[in-house]
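Novice:
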Amino acid sequence: MMINGTAIYVLWLREMKRYSRAKSRIFGSLLQPLFFMIFLGLGFKKMPVPGLGAGVDYIQFLVPGILGMTLLFSSAMQGLSVLWDREFGFLKEIMVTPVSRTSIVLGRIAGGTTTTMIQGLLMLAMTLLLGFRIKSALLFLWALIFMGLIAFTFIGIGLIFASRMKDSQGFGIIVNFLLFPLFFLSGALYPLDNLPRWIRVVAFADPLTYGVDGLRGTLIGVSSRPVLVDFIVIAAFAGLMVALGTVFFRSSESI
Amino acid sequence: MDAIAVENLTKTFEDVTAVDGISFRVAQGELFGLLGPNGAGKTTTINMLSTLLRPTSGRAEVGGFDVLKRRDAVRKSIGVVFQETALDGKLTGRENLEFHAMMYGLHKAERKRRIDEVLTLVELNDKARTLVEKYSGGMKRRLEIARGLIQNPKVLFLDEPTLGLDAQTRRHIWDYVRMLNRDRGVTIILTTHYMEEADFLCSRIAIMDHGRFVALDTPARLKDVLGGDVISLEIKGGEACLDETFGARPWVKKFARRGSEVTLTLEKGERRIAEIVTLAQQCGASVDCVRLREPSLEDVFLHFTGRTIREQEASMADRFRTMMSAHGRRRS
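Just so you know, the protein sequences line up as chains A and B, in that order. Each number in this note's numbering comes from the position in the first sequence (counting from 1) with 154 added on. Each number in this note's numbering comes from the position in the second sequence (counting from 1) with 4 added on.
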C-alpha cells in the first residue's frame, strides 16, 4: 500500500507535460553546455593539456564532462521544481491527497530522471554534430546507466535542500555554493591530476567525479579509474542520496 | 456521528500561537463558517483539519478519523479548496482534474464520468482544454471547487472561496456552495472574512479572533445577542431631554448619543418608529432622518471583539510588520 503506481505515473506524466510545453527551457538549458563545448573545446583544442590519456584530444575529453554538467544542473533543478510547487501552491494539492509520501518522492524522481536523461541525450546528440565520436554501442548502454545514476544522486540532493527551504530564492545560493564547486571539482574540464593534492582529496568526495570518469570510460574508453570502481561509488551515492532525499521530503512540513 | 469533532486544538509557531485551544463539533450536512479577520487562525485550523499541519496539542477528528493517527483515511474523506490558487498553470483545466482523480485512484471510466460531471457543474466544459494560466480568477476558483468534488468528499473545506473575486462571480460561487450543501448533502466548512458571505451561507458560525472562538451559534441567534434592531436618528436640539426620555423607557435596551446622532437598540424596531419620532418632537428636537436596520454580523463582531473587522485587520497588519521585522523572515 505504500507504493502507489498510479500516483507515481501521474506525477511523472505531469512532469513530462510540463517539460514538453517548456520549449524555451529545453533549448535554454542546452545553450550553456553548448557554449562550454564550443568555447572551451575550440579554445583548448590546440593546447597541450597533460593527462588526457593516449590519443585523446581535448574535445573528446571534454564532452563527457559537459554531459556530466548538464546532468548535474538538470537533475538538481528537480529540487527547484518542488520549491516552485510550494510557491505556486500546487504542493498542497499534492500533499493533501491520500498518496504515500514515498510514492510522491518516487514520482518526482521518475519525472526528474526522465527529463534529465532527455536533456543529456539531446546534449550528446549536439556534440555528435560537432565531431564527437562514441567508442562503442555496447559501452554506450553503460553510459546510459551512469547518466541515470548521476541523475538519481543529484535529484536526491536537490530534494534534501528543497525539503528544508521555504522558497526558491535560496536555491540560487545552492547553485553557486554547491553545484558549481561540485562541477569544477569533478574533473569535467581537466584531469584532476593537474590540481594540488589537497583539492584532489576534496574532489574524491564529489559524486560527480566518479560520474564523469565513468562517462568517460564508457563513452571514449579512457578513464582514470576502472569503470567498475566508478560504477560502485556513484551507485552507492545514488542510493544514499535518494534515501536521504526521501527521508527529508517525508519529514518536511507540507506547506 | 459528527463530521468534525475538535477538542482543544492548538497550533504554535515558535512563539506565536496561531490557534489557541479551540473546540467545536460540526454535524453531517452542516454548512459551518469560520469568520474572522486575516491572521485570526482560520487557515491554520483548516490546514490542521486537512492533515497539512500537525497540531501542537489537542485532538481533531474528520469524518470519524483522527487527523494525526489516520491521516490517509482523513485525506480520503475530504476535499479542500485552498485560499491561494493550487492549480498547475501549465496544465489544462481537464489535465488538472485528471491529475487529481488519478492521485485519488479513480479508474478510467469513473474518472471520465466524474470529471465531466464536475466540469458541467461549474460550467467549465468549453474551457476544459485551455491551459489554466489563461483562466480568469473566477474560472480558477470554479475549477478548484470542481476538483475538490471529484473524489466525492464527505467534508469539503473552502478556505476564503471568494477572496478577491468580483461581486458577480462571488454570487455565482455562493450558489454552487449552497447547492452542494443542500442538494448533495456535502458537509462544508467555510472560512471567510466577509460578513455577508457567512450570513448568507452558513447554518452556524464561529467567530474567531486571535486564535480563539469568541462566539459560536447560528447567524440569527448571534444577532439576537445584540438585543434587537438598531434605530438611529439625526436630530437638532433637545438633547438633554432626549437623553432623559429614552434612558427611562423600558423597551429601549441600549441608548447612545454622539452629538446629533442618537442610536437606540430595541426589539421590533419598526413598530416603535412613530412613537420615537413623537417623543423626540415633544422634547423640542427636530428629526432630520430616521434609519432602521437589523443588526448585521458586523455589529455582532463588534460586540464580541470590541472592534470592527476592518480595524482588526489594520491592527493585525501592524502586528505582522512588527513580528516580521523582529524575526527578519517571511511568514505567512
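Beta carbons: idealized from backbone N, C-alpha and C, even for Gly. Keep in mind it's a predicted model, so treat the numbers as computed, not measured.
In angstroms with no decimal places, state the Cα-to-Cα distance between V23 of chain B and V218 of chain B.
Specialist: By one-based count along the second sequence, residue 23 of chain B stands at place 19. By one-based count along the second sequence, residue 218 of chain B stands at place 214. Their Cα atoms are separated by approximately 13 angstroms.
Novice: I'd like to know if T160 of chain A contacts chain B, where contact means its C-beta is closer than 7 angstroms to some C-beta of that chain.
Specialist: Position 6 of the first sequence, counted from the first residue, corresponds to residue 160 of chain A. At least one chain B Cβ lies under 7 angstroms of T160 of chain A.
Novice: Take L160 of chain B and list the residues in its own chain whose beta-carbon comes closer than 6 angstroms to its own, dropping the five residues that flank it on each side.
Specialist: On the second sequence, position 156 is the one that residue 160 of chain B refers to. Within the same chain, L160 of chain B has close Cβ partners G83, G152, V190 and I192.
Novice: For M155 of chain A, which three-state DSSP category applies?
Specialist: Counting from 1 along the first sequence, the entry for residue 155 of chain A is found at position 1. Any reading at M155 of chain A must be qualified, since the residue scores a pLDDT of 49, below 50, and its modelled position is unreliable; no value is offered.
Novice: If contact means a Cβ-Cβ distance below 9 angstroms, which residues of the region 27-54 of chain B contact chain A?
Specialist: Within the region 27-54 of chain B, the qualifying residues are N51 and S54.
Novice: Under 8 angstroms Cβ-Cβ, which residues of chain B neighbour F415 of chain A?
Specialist: Coverage of chain A is limited to positions 155 through 409, which leaves residue 415 of chain A absent and any answer about it impossible.
Novice: Just checking: is the beta-carbon of K112 of chain B within a distance shorter than 7 angstroms of some beta-carbon in chain A?
Specialist: By 1-based counting over the second sequence, the position of residue 112 of chain B is 108. So, not an interface residue.
Novice: May I ask you to report which of helix, strand or coil DSSP gives G83 of chain B?
Specialist: Start at 1 with the first residue of the second sequence, and residue 83 of chain B comes out as number 79. Strand at G83 of chain B.
Novice: So, helix, strand or coil for N42 of chain B, using DSSP?
Specialist: Counting from 1 along the second sequence, the entry for residue 42 of chain B is found at position 38. Coil.
Novice: Is the Cβ-Cβ distance between I309 of chain A and Q186 of chain A less than 7 angstroms?
Specialist: As a position in the first sequence, residue 309 of chain A is number 155, starting the count at 1. As a position in the first sequence, residue 186 of chain A is number 32, starting the count at 1. Cβ atoms of I309 of chain A and Q186 of chain A: not closer than 7 angstroms.
Novice: Decide yes or no for the touch test of the region 8-19 of chain B against the region 338-348 of chain A: beta carbon pairs closer than 8 angstroms, at least 3 of them.
Specialist: Output reads no: the region 338-348 of chain A does not touch the region 8-19 of chain B.
Novice: Closest to V85 of chain B by CA distance: which of B:D76, B:L56 and B:L296 is it?
Specialist: As a working mapping, residue 85 of chain B is identified with position 81 in the second sequence. For V85 of chain B, the nearest C-alpha among the options comes from B:L56.
Novice: Grouping DSSP H, G and I as helix and E and B as strand, with all else coil, what is C245 of chain B?
Specialist: Residue mapping note: residue 245 of chain B aligns to position 241 of the second sequence, counting from 1. Note: C245 of chain B maps to helix in three-state DSSP.
Novice: Mind listing the chain B neighbours of N170 of chain A? Cutoff is C-beta to C-beta under 9 angstroms, in chain order.
Specialist: Along the first sequence, read from residue 1 onward, the residue named residue 170 of chain A stands at position 16. It is Met, not Asn, that sits at residue 170 of chain A in the sequence shown. Those do not exist, as M170 of chain A stays about 11 angstroms from chain B at its closest Cβ, beyond 9 angstroms.
Novice: What's the gap between the Cα of R98 of chain B and the Cα of A291 of chain A?
Specialist: Here residue 98 of chain B corresponds to residue number 94 of the second sequence, with the count starting at 1. Here residue 291 of chain A corresponds to residue number 137 of the first sequence, with the count starting at 1. Their backbone Cα atoms lie some 42 angstroms apart in a straight line.
Novice: Since M201 of chain A meets chain B, which of its residues come closer than 8 angstroms, beta carbon to beta carbon?
Specialist: Your numbering for residue 201 of chain A matches position 47 in the first sequence. Those within 8 angstroms of M201 of chain A in chain B number zero; the least Cβ separation is about 45 angstroms.
Novice: Does the structure place the region 36-45 of chain B close enough to the region 107-114 of chain B that three or more beta carbon pairs sit under 8 angstroms?
Specialist: The answer is no - the region 36-45 of chain B does not touch the region 107-114 of chain B, with fewer than three Cβ pairs under 8 angstroms.
Novice: Using 10 angstroms around the beta-carbon of G350 of chain B, count the other beta-carbons present and answer buried if the total reaches 16, otherwise exposed.
Specialist: What the structure shows of chain B is the stretch from 5 to 336, and residue 350 of chain B is not part of that stretch, so it cannot be assessed.
Novice: Over the uninterrupted beta strand (DSSP E) stretch that includes F161 of chain B, give me the two end residues.
Specialist: Position 157 of the second sequence, counted from the first residue, corresponds to residue 161 of chain B. V159 to D163 is the extent of the beta strand (DSSP E) around F161 of chain B.
Novice: Nearest-angstrom Cα distance between R334 of chain B and S322 of chain A?
Specialist: Your numbering for residue 334 of chain B matches position 330 in the second sequence. Your numbering for residue 322 of chain A matches position 168 in the first sequence. The pLDDT assigned to R334 of chain B is 41, lower than 50, so where the model puts this residue is not dependable; a value taken from the coordinates is nonetheless given after this. Roughly 13 angstroms between the two C-alpha positions.
Novice: Have a look at R74 of chain B and N185 of chain B and give me their C-alpha separation to the nearest angstrom.
Specialist: Within the second sequence, numbered from 1, the residue matching residue 74 of chain B stands at position 70. Within the second sequence, numbered from 1, the residue matching residue 185 of chain B stands at position 181. Using only the alpha carbons, I get a separation of about 25 angstroms.
Novice: Closer than 7 angstroms, Cβ to any Cβ of chain B: which residues of the region 251-282 of chain A, in chain order?
Specialist: Per Cβ criterion, the list reads T251, P252 and V253.
Novice: Report the residues of the region 101-126 of chain B with a CB closer than 8 angstroms to any CB of chain A, ordered along the chain.
Specialist: Answer set for the region 101-126 of chain B: E102, F103, H104, M106, M107, Y108 and G109.
Novice: Can you give me the C-alpha to C-alpha distance between L78 of chain B and G67 of chain B, rounded to a whole angstrom?
Specialist: Position 74 of the second sequence, counted from the first residue, corresponds to residue 78 of chain B. Position 63 of the second sequence, counted from the first residue, corresponds to residue 67 of chain B. The identity of residue 78 of chain B in the sequence shown is Val, whereas the question assumes Leu. In a straight line, the C-alpha of V78 of chain B is about 7 angstroms away from that of G67 of chain B.
Novice: Between the Cα of P218 of chain A and those of A:F244, A:R240, A:L313 and A:T372, spot the shortest distance and give me the residue it belongs to.
Specialist: Along the first sequence, one-based indexing puts residue 218 of chain A at 64. Among A:F244, A:R240, A:L313 and A:T372, the Cα nearest to that of P218 of chain A is on A:T372.
Novice: Can you pull the chain A neighbours of D76 of chain B, defined as C-beta to C-beta under 8 angstroms?
Specialist: Taking the first residue of the second sequence as position 1, residue 76 of chain B is located at position 72. Within 8 angstroms Cβ-Cβ: P252 and S254.
Novice: G263 of chain B by DSSP, collapsed to three states: which one?
Specialist: Start at 1 with the first residue of the second sequence, and residue 263 of chain B comes out as number 259. Coil at G263 of chain B, not helix or strand.
Novice: Does DSSP classify V23 of chain B as helix, strand or coil?
Specialist: As a working mapping, residue 23 of chain B is identified with position 19 in the second sequence. Three-state DSSP puts V23 of chain B in a strand.
Novice: Look at the alpha carbon of S336 of chain B and the alpha carbon of G243 of chain A, and state the distance between them as a whole number of angstroms.
Specialist: As a working mapping, residue 336 of chain B is identified with position 332 in the second sequence. As a working mapping, residue 243 of chain A is identified with position 89 in the first sequence. Per-residue confidence for S336 of chain B stands at a pLDDT of 38, beneath the threshold of 50, marking its modelled position as unreliable; the derived number appears in the next sentence. Near 13 angstroms, if we compare the C-alpha coordinates of G243 of chain A and S336 of chain B.
Novice: Run through DSSP, which three-state label would I154 of chain B get?
Specialist: For the purposes of this step, residue 154 of chain B is identified with residue 150 of the second sequence, where counting begins at 1. In the structure shown, I154 of chain B sits in coil (DSSP, three-state: anything other than H, G, I, E or B).
Novice: Decide if the region 387-404 of chain A is in contact with the region 328-335 of chain A; the criterion is three or more beta carbon pairs, one per stretch, under 8 angstroms apart.
Specialist: The answer is no - the region 328-335 of chain A does not touch the region 387-404 of chain A, with fewer than three Cβ pairs under 8 angstroms.
Novice: Is the separation between the beta-carbon of T89 of chain B and that of K138 of chain B shorter than 7 angstroms?
Specialist: By one-based count along the second sequence, residue 89 of chain B stands at place 85. By one-based count along the second sequence, residue 138 of chain B stands at place 134. No, they are not a contact pair.
Novice: Using a 10 Å radius around the Cβ and a threshold of 16 neighbouring Cβ atoms, would you call M301 of chain A buried or exposed?
Specialist: Stepping through the first sequence from its first residue, residue 301 of chain A is reached at position 147. Burial call: buried.
Novice: Which of helix, strand or coil does DSSP assign to T400 of chain A?
Specialist: Here residue 400 of chain A refers to the residue found at position 246 of the first sequence. Note: T400 of chain A maps to helix in three-state DSSP.
Novice: Ordered along the chain, which non-local residues of its own chain (more than five positions away) have a Cβ less than 7 angstroms from that of D203 of chain B?
Specialist: Start at 1 with the first residue of the second sequence, and residue 203 of chain B comes out as number 199. Once the five neighbours on either side are set aside, the close Cβ partners of D203 of chain B are P223 and L301.
Novice: Answer yes or no: does any C-beta atom of chain B fall closer than 7 angstroms to that of E247 of chain A?
Specialist: To locate residue 247 of chain A, count along the first sequence from 1; it is residue 93. Answer yes: the Cβ-Cβ gap between E247 of chain A and chain B drops below 7 angstroms somewhere.
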